[in-house]
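Undergrad:
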Amino acid sequence: MSLLNILTFPDPRLRTKAKPVAAVDGAIRTLVDDMLETMYDAPGIGLAANQVNVAKQVIVIDISEARDEPHVFINPRIEVRGPPVETDEGCLSVPGFYEPVTRREHVQVEALDQQGKPFSLEAEGLLSVCIQHECDHLEGKLFVDYLSNLKRARIRQKLSKSQRVRA
Ligand code: QAP
Ligand code: CO
229 MSLLNILTFP
239 DPRLRTKAKP
249 VAAVDGAIRT
259 LVDDMLETMY
269 DAPGIGLAAN
279 QVNVAKQVIV
289 IDISEARDEP
299 HVFINPRIEV
309 RGPPVETDEG
319 CLSVPGFYEP
329 VTRREHVQVE
339 ALDQQGKPFS
349 LEAEGLLSVC
359 IQHECDHLEG
369 KLFVDYLSNL
379 KRARIRQKLS
389 KSQRVRA
């Protein structure tokens, strides 16, 4: 297992649309293991493959306190329903910033698991929000896209500066 490098906003590679996984083979299972390790190490509750510069439709999520309930979604398709709900969201690619985002309460997901087996899941609450956030990543979309232009510009400026210092 290995830790993967997480891209930081405004890295343009975060805008790449992820392609469907053709076959859940050993390479994909290794990617999933590495993404889980990277998410737990960060620590975070969700990670999409685009964030580690892999343009494939793969998501890992664990919202449990004990960090022992990994969810893996390969080629996810979602349908959202129910009333709008507002949650403070963050992102491993936007470190240090949390802002309210409005999404839908319920989500119905169809996906493949780490063995390539199709499954479906209905979620609400934080898991639902997290699934919607991670599916956005697969389309090159970030939670900061829902904020005002001013807020997004401020976040971009602060993160660009801190990346320059580190480089
Ligand atoms: C997406 O985000 C999410 O700023 C997952 O300094 C987050 O795991 C969906 C993190 C909240 C819904 C609600 C963020 C870690 C982790 C940071 C994450 C940071 C360190 C974010
Ligand atoms: Co994110």
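The letter at position 166 of the sequence shown is residue 394 when you use the numbering used here, and the numbering goes up by one with no holes.
Quick reminder that beta carbons are idealized off the backbone N, C-alpha and C, glycines included.
Just so it is clear, the structure is predicted and the values come from calculations on it, not from any experiment.
Residue ranges of each beta strand (DSSP E) run of no fewer than 3 residues wholly in the region 256–328, ordered along the chain?
TA: Within the region 256–328, the complete beta strand (DSSP E) runs of at least 3 residues are 274–276, 286–289, 299–317.
Undergrad: State yes or no: is the C-beta of Cys-358 nearer than 6 Å to some heavy atom of the ligand CO?
TA: Flag unset: Cβ of Cys-358 not near the ligand CO.
Undergrad: Using a threshold of 6 Å, is the CB atom of Ile-299 nearer than that to any non-hydrogen atom of the ligand QAP?
TA: Correcting the residue identity first, residue 299 is His in this sequence and not Ile. No, the ligand QAP has no heavy atom inside 6 Å of this Cβ.
Undergrad: Please say whether Ala-246 and Asn-281 have beta carbons closer to each other than 7 Å?
TA: No, the Cβ-Cβ distance between Asn-281 and Ala-246 is not below 7 Å.
Undergrad: Across which residues does DSSP place Val-372 in a beta bridge pair?
TA: Note: Val-372 sits in no beta bridge, so no partner.
Undergrad: Thr-266: buried (16+ other C-beta within 10 angstroms of its C-beta) or exposed?
TA: Buried, by the Cβ-count rule.
Undergrad: Helix, strand or coil: how does DSSP classify Lys-247 here?
TA: DSSP places Lys-247 in strand when its eight states are reduced to three.
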